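First up is the structure itself, then whatever we jot down about it.
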Amino acid sequence: MPTYKAPLRDMKFVMTELLGAEQQLQQMPYYTGNETADGDLMDQVLGEAARFVEGELVALNRVGDQEGCVRHDNGEVTTPTGFKAAYTKYRQAGWTALDADPAYGGQGMPHLVSNALVEMLNSANVAWGMYPGLSHGAYTALHAVGSDELKDLYLPKLVSGEWTGTMCLTEPHAGTDLGIIRTKATENGDGTYAITGTKIFISAGEHDMAENILHLVLARLEGSPQGTKGISLFLVPKYLPTADGKPGDRNGVVCGSLEHKMGIHGNATAVLNFDGAKGFLVGEINKGMNHMFIMMNAARLGTGLQGLGLGEVAYQNALAYAKDRLQMRHEPRVNPAENADPILVHPDVRRMLLTGKAYTEAGRAMAMWLALSIDTEHHHPDEGKRQEAADLVALLTPIAKAFMTDNGFNVAVQSQQVFGGHGYIQEWGMEQFVRDARIGQIYEGTNGIQSLDLLGRKVLMDGGKKLQKLAATLQEFVDEHEGDEHIGDYATQLGKAAQQLGSLTMVIGQKAMQEGGASEVNAAAVDYLRFFGHVVYGYLWARMAKIAQDNIDAGNDRDGFYLAKVQTAKFYFARLFPETKALAATIKAGNESLAVDDRAVFGWEHGLVNA
Numbered sequence: 059m060p061t062y063k064a065p066l067r068d069m070k071f072v073m074t075e076l077l078g079a080e081q082q083l084q085q086m087p088y089y090t091g092n093e094t095a096d097g098d099l100m101d102q103v104l105g106e107a108a109r110f111v112e113g114e115l116v117a118l119n120r121v122g123d124q125e126g127c128v129r130h131d132n133g134e135v136t137t138p139t140g141f142k143a144a145y146t147k148y149r150q151a152g153w154t155a156l157d158a159d160p161a162y163g164g165q166g167m168p169h170l171v172s173n174a175l176v177e178m179l180n181s182a183n184v185a186w187g188m189y190p191g192l193s194h195g196a197y198t199a200l201h202a203v204g205s206d207e208l209k210d211l212y213l214p215k216l217v218s219g220e221w222t223g224t225m226c227l228t229e230p231h232a233g234t235d236l237g238i239i240r241t242k243a244t245e246n247g248d249g250t251y252a253i254t255g256t257k258i259f260i261s262a263g264e265h266d267m268a269e270n271i272l273h274l275v276l277a278r279l280e281g282s283p284q285g286t287k288g289i290s291l292f293l294v295p296k297y298l299p300t301a302d303g304k305p306g307d308r309n310g311v312v313c314g315s316l317e318h319k320m321g322i323h324g325n326a327t328a329v330l331n332f333d334g335a336k337g338f339l340v341g342e343i344n345k346g347m348n349h350m351f352i353m354m355n356a357a358r359l360g361t362g363l364q365g366l367g368l369g370e371v372a373y374q375n376a377l378a379y380a381k382d383r384l385q386m387r388h389e390p391r392v393n394p395a396e397n398a399d400p401i402l403v404h405p406d407v408r409r410m411l412l413t414g415k416a417y418t419e420a421g422r423a424m425a426m427w428l429a430l431s432i433d434t435e436h437h438h439p440d441e442g443k444r445q446e447a448a449d450l451v452a453l454l455t456p457i458a459k460a461f462m463t464d465n466g467f468n469v470a471v472q473s474q475q476v477f478g479g480h481g482y483i484q485e486w487g488m489e490q491f492v493r494d495a496r497i498g499q500i501y502e503g504t505n506g507i508q509s510l511d512l513l514g515r516k517v518l519m520d521g522g523k524k525l526q527k528l529a530a531t532l533q534e535f536v537d538e539h540e541g542d543e544h545i546g547d548y549a550t551q552l553g554k555a556a557q558q559l560g561s562l563t564m565v566i567g568q569k570a571m572q573e574g575g576a577s578e579v580n581a582a583a584v585d586y587l588r589f590f591g592h593v594v595y596g597y598l599w600a601r602m603a604k605i606a607q608d609n610i611d612a613g614n615d616r617d618g619f620y621l622a623k624v625q626t627a628k629f630y631f632a633r634l635f636p637e638t639k640a641l642a643a644t645i646k647a648g649n650e651s652l653a654v655d656d657r658a659v660f661g662w663e664h665g666l667v668n669a
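Position in the sequence shown (first residue = 1) + 58 = our numbering.
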């Protein structure tokens, strides 16, 4: 059975040495007032989180995969053995309230800390972690745009974990294209609305872990415009609360079925049928897409953390196996008394393991950088600092979702490969990590959609202003360190790649303004995001290598932690970062090679002009 140990040492390195998080959080009265910006307190919280996930959730991961969820004839759903009991312990220990607003019963901890907890949950048991994860997203949206009446009634229940939440967007005919949803809302005449329609792929949509479930539902009010401009957001409880805030009458929403999925079997992915269900408007009429994106952006970072968490646990188990598994002989021999050596000594196995280590540690640094930026965006007293952080969060969120889940799946597959045939056998657990990791590239907006969002909305739409701000930060680092004895080469590589990213952006932008420009942007977007991701990871690895080398030079590396950082950075720049060269070529290739004759290549007859 797979094992997992939370990477607390690396988390602390990123928080304290790379980001200087405590010093930054001390500038925010929200955290100093709550007395939660203390480094020792954050360490203690993460230590307790590690004990919980290692002790309660790791063993349930296989149980959830094998048992799955069960839907009963009345539409109720039972989660796998142990899930409900673990959730009760989690809720009673206060983990659902970790970074929530103290005004509603939260502990007011930094988002940075909850980010680390979410990574641990995803490594230990990603399907289980989705139940509180979706609730946190619902809390975020309701806290941001809900009326005081809604917030006072529902937020304490979400914060305490007594009630959970979902997000209901997708319909059988409408995935990414939410402008064509058919779920409708009709005014009841008393300030409430009747919601009717069907939503599919609803994670944690029905379960037995909490006494009530709050669905945030996109629907179109009768008479509203077509397209996304006419969509509103509604809160639809499974049970309508009584006057004293207890679950009351059953609302008109029921689980019609559960999806049979490739992975995350322990999470109930539901088809929800709304039949005149009573709903409450959240925010403004026809602003539902804007409001839901508050939740979506939180979910996208959470999905990126799924890729990170699964990559981390897969890597840990592959490393342990590679130390023990004896196969073939290495020169010089490691175990001359045995007839074979541990596979860890073989270069190709080392390549796979170092790939996992390099991607997970850079991903952790990026996720924590983004989380601290979210804290800054929401709570820094300086408006300029808040806007600067908001721009960085907007720019990096699609990269965090797509690059981290692509890499997480890649690491899970390569870690499985380390096991050889045993990796394909269920008892070792590696095939589950591969199956569970695959969904991250698909939901919360496919990685192709993230790429379009990054290039089209976050870069080109504002004339590259957000990109230019980040480029200035990168260039400042490059200018300072290009002549460095240890990381000068990394700084040079980073500088060239960052400049090339800028020139590629200009080329795509010029194509976008010509006839057929939209297709040129679409053709370049996926490779552009991956190129961008490597630039971000390269920046973080260069910074981490510098910090590590300084500690080595100062004699502070008694356990080899900093040496491992230096050598992993060397691997990243030698074996992974050069992918940018191939990506530059495919980005420049544009749409021309994709504009094939549909009849000849695909056997597709259509009436398009100039096809």
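Backbone N, C-alpha and C define an ideal beta-carbon position, used for all residues, glycine too.
This one's a predicted model, so the numbers in the text were calculated from it and none came from an experiment.
Residue i: first and last residue of the uninterrupted alpha helix (DSSP H) it sits in
i: M564; result: G546 to A570
i: Y251; result: Per DSSP, Y251 belongs to no alpha helix (DSSP H); it is in the beta strand (DSSP E), Y251 to S261.
i: V536; result: K523 to H539
i: H265; result: H265 -> no alpha helix (DSSP H), and no H or E assigned at all.
i: I352; result: G346 to D382
i: R657; result: D656 to F660
i: Y89; result: P87 to N92
i: W153; result: Where W153 is concerned, there is no enclosing alpha helix (DSSP H), given that its DSSP letter is neither H nor E.
i: R496; result: M488 to R496
i: G442; result: E441 to V476
i: E80; result: A79 to L83
i: D608; result: G575 to D611
i: M100; result: G97 to F110
Residue i, enclosing beta strand (DSSP E) - first and last residue
i: F631; result: Premise fails: F631 is in no beta strand (DSSP E) and is neither H nor E.
i: D333; result: T327 to V340
i: S431; result: Segment P405 to H437 is the alpha helix (DSSP H) holding S431; no beta strand (DSSP E) there.
i: S315; result: V311 to L316
i: P305; result: P305 to R308
i: K242; result: K242 to E245
Proximity below 9 Å, CB of residue i to CB of residue j
i: L430; j: Q82; result: yes
i: K604; j: I545; result: yes
i: D433; j: H169; result: yes
i: V407; j: F332; result: no
i: R120; j: S218; result: no
i: A423; j: K336; result: no
i: V311; j: H349; result: no
i: A95; j: E80; result: yes
i: A581; j: L518; result: no
i: G365; j: G421; result: yes
i: A108; j: M178; result: yes
i: G263; j: T224; result: yes
i: V116; j: D266; result: no
i: D159; j: S172; result: no
i: G303; j: R496; result: no
i: T241; j: K257; result: yes
i: G314; j: G133; result: yes
Outcome for residue i when other beta-carbon atoms lying within 10 angstroms are tallied against a minimum of 16
i: F292; result: buried
i: M564; result: exposed
i: W662; result: exposed
i: Q474; result: buried
i: F535; result: buried
i: P295; result: buried
i: E114; result: buried
i: E489; result: buried
Identity of the residues DSSP links to residue i by a beta bridge
i: H273; result: T224 and V294
i: R229; result: Here the sequence assigns Glu to residue 229, which means Arg is not the residue at that position. For E229, which the question treats as bridged, DSSP gives the partners A232.
i: V679; result: The shown model of the chain, from 59 to 669, leaves out residue 679, and the question about it has no answer.
i: P400; result: L384
Neighbourhood of residue i by C-beta, 6 Å cutoff - its chain only, sequence neighbours within 5 removed
i: V593; result: A555, A556 and L559
i: L666; result: none
i: F491; result: L368, A372 and A470
i: K215; result: W221
Residues near residue i by beta carbon distance below 8 Å, same chain, minus five either side
i: Y501; result: F259, S261 and T361
i: K209; result: Y162, L200 and H201
Minimum Cβ-Cβ distance from residue i to chain C less than 9 Å
i: L227; result: Given the protein chain composition of this structure (a single chain), no chain C is represented.
Contact set for residue i: own chain, Cβ-Cβ below 7 Å, skip 5 residues either direction
i: V451; result: L428, S431, I432 and E435
i: I457; result: L512, L587, F590, G591 and V594
i: A669; result: Legend: pLDDT at A669 = 42, less than 50; position of this residue unreliable, no value from coordinates given.
i: Q499; result: T463, D464, F467 and N505
Contact test: residue i Cβ vs the ligand FAD heavy atom, cutoff 8 Å
i: L430; result: The ligand FAD is absent from the structure shown, which contains no ligand whatsoever.
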